[in-house]
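Worksheet for the structure shown next.
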Amino acid sequence: MHENYRDSKIKELREQLRFVPKTKKIEQAAATEKLLSEIEADRSYAFDYVCFRITNYRPENASRHNIASVDLIHDLRLLIEDLSDSAELDVEDVGEQVHTVNELSRLFKVSTKTISRWREAGLVSRRLLFGGRKRVGFLHSSVERFVSNNKDKIRRGERFSQLSDDEKSEIIERARQLVDSGASLSDVTRQLASRMGRSPETIRYTLKNFDAEHQAVAVFPNVRSVLTDDDKRTIFGLYLKGATVPQLCKRFKRTRTSIQRILVDMRRDRIMELPLDYIYNEDFETAVRESEYLGPEPEPATAPRKVRVPSGLPSYLASLYDVPLLTREQEYHLFRQFNYLKHKASRLRETLDGINGAKSAVMDEIEKLYEDAVRVKNRIVQSNLRLVVSIAKRHVASTDDFFALISDGNMSLIRAVEKFDYSRGNKFSTYASWAIMKNFARTIPSEFKHRDRFRTTTEELFLSRQDERQDPYAEETVQRSRQRELSKILNRLDEREQMIISARFGLQRGSEPLTLKQVGEEMGVTKERVRQLEARALAKLRSAADEANIDVELGS
1 MHENYRDSKI KELREQLRFV PKTKKIEQAA ATEKLLSEIE ADRSYAFDYV CFRITNYRPE
61 NASRHNIASV DLIHDLRLLI EDLSDSAELD VEDVGEQVHT VNELSRLFKV STKTISRWRE
121 AGLVSRRLLF GGRKRVGFLH SSVERFVSNN KDKIRRGERF SQLSDDEKSE IIERARQLVD
181 SGASLSDVTR QLASRMGRSP ETIRYTLKNF DAEHQAVAVF PNVRSVLTDD DKRTIFGLYL
241 KGATVPQLCK RFKRTRTSIQ RILVDMRRDR IMELPLDYIY NEDFETAVRE SEYLGPEPEP
301 ATAPRKVRVP SGLPSYLASL YDVPLLTREQ EYHLFRQFNY LKHKASRLRE TLDGINGAKS
361 AVMDEIEKLY EDAVRVKNRI VQSNLRLVVS IAKRHVASTD DFFALISDGN MSLIRAVEKF
421 DYSRGNKFST YASWAIMKNF ARTIPSEFKH RDRFRTTTEE LFLSRQDERQ DPYAEETVQR
481 SRQRELSKIL NRLDEREQMI ISARFGLQRG SEPLTLKQVG EEMGVTKERV RQLEARALAK
541 LRSAADEANI DVELGS
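Each residue of the sequence shown is one higher than the last, beginning at 1 in UniProt numbering.
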């Protein structure tokens, strides 16, 4: 997987798409390539538009994040490779001719280095399985599209042949004559490329190699052009791929100090773009509890029972049922750990603001904390993926729609993990279920028109009840029935008791369940007084429910 994405939103999207089925990854790679072919230079594109074109999914909240075309082209090319890489697609299953780097080199009579330059210029590549081994491959349709849009580049490449020693000597001699006449490096490159029928890159590369090997008689001694932002990103990308600092110094003609400063600055910029939004909890300020927050997740009290796999599921989806559901204790611990890791990383990142020479040790710790947070998030997501399948099976209209629903549902699940407030004591499965169904109702209105009243939070009734962890997703209908029955007997309470019950159970439209402390602050009384009033109100409601023969669970 590539790490040198220029835009953090595209990289975050890549992480989300890791969980979509194989067939969807192949479709999304094709959609990404189509979008890539339509990008125009010197324009900016909204991330929400890019996300929709790739996934056919519109984010719930507009991000207002724009991406410059030059960065978008770079990142979309990486995204296509990463999607094909994670799809584990065998070249025999592609359905069209696939070329290797060496095959293209022979086909166009160019060097493999030229093929690499064409990839940087927009030739779309994928990572496919050739005889069980991952290699770079090019779909024939991708090659044809690149050739159609880059005819001049192809012609220049086809004219290329390895420079002879005589040609190299002629380039050096002509360059000296032009320099003596006052020509700059760009003038020399342009004029020699025209005279000798070679590309500017070939002329520049020949001169650079000569000067590096013959510094005493160099044509352009100590040439140091100003490094562009693209140059700096290239330096950082090469470093991530294993290039050493001395190698970078030699290649870009910079001192060790200069290269190290660029690497630190680029790394700092990448860290500043990490998505570290989290749900704050005042307990995070208690440093002595850090070992508790970061400790191992608790073991379940009893071994998880084997869940029957729904019939008709593909093997990929059936395998999700092998992952046991989290217990309430595990769920609470993982969500607390996930948010604490991001909290700690965010606080450390604040120390980097305004610092020119950010300390490597601090950046090391931030990156490790973020990687740990992603690992915990993936653990939560993996344990709840069957929830998406369960809901999708109840709402799918045809087999053709099933994987589209799974893909949309997975993205809703990932967003729900980011937004869930574990401290309220509610079950994540209930919160995520409403988020997923709300997304289904919005993205497929013809199938879910009768569900347009669903809301992620306003319709929820989170009751304080024991979590049996036995197919909690089937409680959706029963939950709505309980809410209607509870509303019938609320008029038995006085105004203050109704206010407390409505606030505690989130019965008011547009609200979420509040804690005892929050209700007390709104009413101007203590938390203990709210507890007493709530207990009295619940006793009244139980009595009223018994009289009316209403079966509703009101907690203890």
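By construction, the Cβ of each residue, glycine as well, lies at the ideal position given by its N, Cα and C atoms.
Please report the residue range of the beta strand (DSSP E) in which lysine 427 lies. By 1-based counting over the sequence shown, the position of residue 427 is 427. Per DSSP, lysine 427 belongs to no beta strand (DSSP E) and is neither H nor E.
ask   = Alpha carbon to alpha carbon, what distance is there between leucine 320 and leucine 104?
value = By 1-based counting over the sequence shown, the position of residue 104 is 104. By 1-based counting over the sequence shown, the position of residue 320 is 320. Their backbone Cα atoms lie some 40 Å apart in a straight line.
Inset, instruction - Measure the alpha-carbon distance for proline 513 versus asparagine 491 and round it to whole angstroms. - result: As a first step, residue 513 is located in the sequence shown; it is residue number 513 there, counting from the start. As a first step, residue 491 is located in the sequence shown; it is residue number 491 there, counting from the start. If you take the alpha carbons of proline 513 and asparagine 491, they lie about 20 Å apart.
**Contact between the stretch 94-113 and the stretch 60-73 (3+ Cβ pairs under 8 Å)** = no
Check your understanding: Taking the C-alpha atoms as reference points, what is the distance between leucine 325 and glutamate 331?
Key -> Taking the first residue of the sequence shown as position 1, residue 325 is located at position 325. Taking the first residue of the sequence shown as position 1, residue 331 is located at position 331. Whole-angstrom Cα-Cα distance: 9 Å.
Nearest by alpha-carbon distance to valine 226: which of Pro200, Ser258, Gly242 and Gln247 is it? Working through the sequence shown from its first residue, we reach residue 226 at position 226. Taking only the C-alpha atoms, the option nearest valine 226 is Ser258.
### Message
Does asparagine 66 come out as helix, strand or coil in the three-state DSSP assignment?
### Response
On the sequence shown, position 66 is the one that residue 66 refers to. In the structure shown, asparagine 66 sits in a strand (DSSP, three-state: E or B).
Any idea what DSSP makes of serine 319, helix, strand or coil? Counting from one through the sequence shown, the residue named residue 319 turns up at place 319. Three-state result, serine 319: helix.
Three or more C-beta pairs under 8 Å: does that hold for the stretch 192-203 against the stretch 171-181?
yes
Could you check if aspartate 7 is buried or exposed, using at least 16 other CB atoms within 10 Å of its CB as the buried criterion?
The residue given as residue 7 occupies position 7 in the sequence shown. Buried.
Subject >> Supposed close pair aspartate 90, arginine 14 - CB separation, criterion 8 Å >> reply: In the sequence shown, counting from the first residue as 1, residue 90 sits at position 90. In the sequence shown, counting from the first residue as 1, residue 14 sits at position 14. Aspartate 90 to arginine 14, Cβ: 22 Å. No contact.
*asked:* Assess contact between the stretch 333-349 and the stretch 377-385, defined as three or more Cβ pairs (one per stretch) separated by less than 8 Å. Is contact present?
replied: yes
key: threonine 114 classed as buried or exposed, judged by whether at least 16 other C-beta atoms fall within 10 angstroms   = Residue mapping note: residue 114 aligns to position 114 of the sequence shown, counting from 1. Threonine 114 comes out buried.
Note to self: Within 8 Å, do at least three Cβ pairs link the stretch 529-538 to the stretch 497-504?
What the structure shows: yes
Are the beta-carbon atoms of isoleucine 406 and valine 388 separated by less than 8 Å? Against the sequence shown, residue 406 aligns to sequence position 406. Against the sequence shown, residue 388 aligns to sequence position 388. Cβ atoms of isoleucine 406 and valine 388: closer than 8 Å.
With distance defined between alpha-carbon atoms, name the residue in Leu263, Glu329 and Lys344 nearest to threonine 286.
Here the question's residue 286 lines up with position 286 in the sequence shown. Per the Cα distances, Lys344.
query = DSSP state of arginine 386, grouped into three classes?
reply = Against the sequence shown, residue 386 aligns to sequence position 386. Here arginine 386 sits in helix by DSSP.
Distance between glutamine 177 and serine 184 (C-alpha atoms, nearest Å) = Position 184 of the sequence shown, counted from the first residue, corresponds to residue 184. Position 177 of the sequence shown, counted from the first residue, corresponds to residue 177. So the two alpha carbons sit approximately 12 Å from each other.
Let me make sure I understand the geometry here. Which of Thr32, Lys342 and Glu350 has the alpha-carbon closest to that of aspartate 372? On the sequence shown, residue 372 is found 372 positions in, with the first residue counted as 1. The residue with the shortest Cα to Cα distance from aspartate 372 is Lys342.
- Query: Which ranges does the alpha helix (DSSP H) cover as unbroken runs of at least 4 residues, wholly within the stretch 82-156, from first to last along the chain?
  - Reply: 101-108, 112-120 and 140-149
Q.
So, at 8 Å on beta carbons, what are the nonlocal neighbours of methionine 1 in its own chain, with the 5 sequence-adjacent residues on each side left out?
A. Position 1 of the sequence shown, counted from the start, is the residue given in the question as residue 1. Only Arg14, Asp82, Asp85 and Ser86 meet the Cβ criterion.
Check your understanding: Can you give the Cα-Cα distance for isoleucine 235 and alanine 41, rounded to whole angstroms?
Key -> Against the sequence shown, residue 235 aligns to sequence position 235. Against the sequence shown, residue 41 aligns to sequence position 41. Cα to Cα, the separation comes out at about 24 Å.
Taking DSSP as the reference, what is the three-state secondary structure of alanine 46?
Counted from its first residue, the sequence shown places residue 46 at position 46. Strand.
Original post:
Under three-state DSSP, which class holds tyrosine 278?
Top reply: If you number the sequence shown from 1, residue 278 lands on position 278. Coil at tyrosine 278, not helix or strand.
Is isoleucine 436 helix, strand or coil when you go by DSSP?
Walking along the sequence shown from the start, residue 436 turns up at place 436. In this structure, isoleucine 436 counts as helix in the three-state DSSP scheme.
| message | To the nearest angstrom, how far is the alpha carbon of tyrosine 121 from that of isoleucine 203? | response | Taking the sequence shown and counting its residues from 1, the one referred to as residue 121 is at position 121. Taking the sequence shown and counting its residues from 1, the one referred to as residue 203 is at position 203. According to the sequence shown, residue 121 is alanine rather than tyrosine. Those two C-alpha atoms are separated by around 19 Å.
For isoleucine 366, which residues of its own chain have a beta-carbon under 7 Å away from its beta-carbon, when the five flanking residues on both sides are left out?
Numbered from its first residue, the sequence shown carries residue 366 at position 366. Excluding residues within five positions, the ones whose Cβ falls inside 7 Å are Ile271, Ala345, Leu348 and Arg349.
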